[in-house]
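Engineer: Before I ask anything, here is the structure I am working with.
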Amino acid sequence: MIELQVELSKGPKKVSLLVFDLDGTLIDSYEPLVDSFIYVFQTLGAAVPPRDEIKGFIGYPLQEILAAYLPTEQVPEAVKLFRGRYGQVVLRDTKLLPGARSALEFLAGRTSLAVATNKATETARALLASLGVEDFFTAVVGTSCVPRPKPHPDMVHHLLDLTGCPGEEALLIGDSIIDVHFARESGVDLLCVLTGSSSREQLAAAGASDIIPDVGSLPGICSATCQY
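Next up, the structure:
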């Protein structure tokens, strides 16, 4: 049996389950996301915020993002508009981040991999399949699998139940402040990457202690040994 260890600031950590965020961690789907939000605001006659401002919200639950800009009574219609538009463009305009595929290839034979995302589970699976990486993952958990989205701990608890992995052997990989809160709520260690919506300074201020440039850098801090 292969045992994977990841070098963290507190020392080497045995990892039996790596749980990845999607947007800004493994994939770049900011353009279809931002364009879909702009489409919603324009359709409803609302003021359109700057693209970078919208990007900063990516990763939060959809309803929360829309509620930050629209009256409460418009949010249900906005959700339908967003999902319709996003469904038209997401597979076409989403790509893997540099180094993600090679990192997944390296890691898949050494530990179990999973996804926890605030996307709908079906959307996440379709994206991973279209990018040719779905088979790397033991489980994909989105908002349709659990009662509450991130940063609530439900997704991690669900994954630990599915895989039988102890919480102390799980490691979250994410890019945003919401991932920092998610890890804290879940009681699971976190490794952050800088390919998403939060800077190193923002992540550190939120409490992240382990930060690497990108997912492609992850194999460089891993070691694997055979256990007999």
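Okay, so the sequence shown: first residue is 104 according to my numbering, each after it adds one.
C-beta atoms are modelled at their ideal positions from N, C-alpha and C, and glycine is treated no differently.
(1) Using the DSSP secondary-structure output, state which residues sit across from glycine 190 in a beta bridge.
(2) Go to proline 135, then tell me how far its alpha helix (DSSP H) extends in each direction, as first and last residue.
(3) I need the straight-line Cα distance from valine 192 to proline 269, nearest angstrom please.
(4) Along the chain, where does the beta strand (DSSP E) that runs through serine 215 open and close?
(5) Three-state secondary structure (DSSP) at phenylalanine 123?
(6) Considering only their Cβ atoms, is the gap separating tyrosine 189 from isoleucine 281 smaller than 8 Å?
(7) Return yes when at least one heavy atom of the ligand NAP lies under 7 Å from the C-beta of alanine 217, else no.
(8) Can you pull the DSSP bridge partners for cysteine 295?
(9) Can you tell me whether DSSP reads serine 233 as helix, strand or coil?
(10) Residues in the same chain with beta-carbon distance under 6 Å from tyrosine 142, minus the five sequence neighbours each way, listed in chain order, please.
(11) Taking alanine 242 as part of the beta strand (DSSP E), name the residues at either end of that continuous run.
(12) Which residues mark the beginning and the end of the beta strand (DSSP E) in which valine 109 is found?
(13) Can you list, in chain order, the residues of its chain whose CB lies under 6 Å from that of phenylalanine 144, leaving out five sequence neighbours each side?
(14) Of the residues Gly267, His260, Leu262, Val296, which one's Cα is nearest the Cα of glycine 277?
Structural biologist: Let's see:
(1) BP columns for glycine 190 are empty, so no partner.
(2) 133-146
(3) Rounded to the nearest angstrom, the gap between the Cα atoms of valine 192 and proline 269 is 38 Å.
(4) 215-219
(5) strand
(6) no
(7) Of ligands this structure carries none, so the ligand NAP is not represented either.
(8) Answer by DSSP bridge pairing, in chain order: Gly277, Ile314.
(9) helix
(10) Excluding sequence neighbours, tyrosine 142 sits near Arg188.
(11) Secondary structure note for alanine 242: its beta strand (DSSP E) is the uninterrupted segment 242-244.
(12) 105-111
(13) Cβ-Cβ distances below 6 Å link phenylalanine 144 to Val151 in the same chain, with the five nearest sequence neighbours on each side left out; the list follows chain order.
(14) Val296
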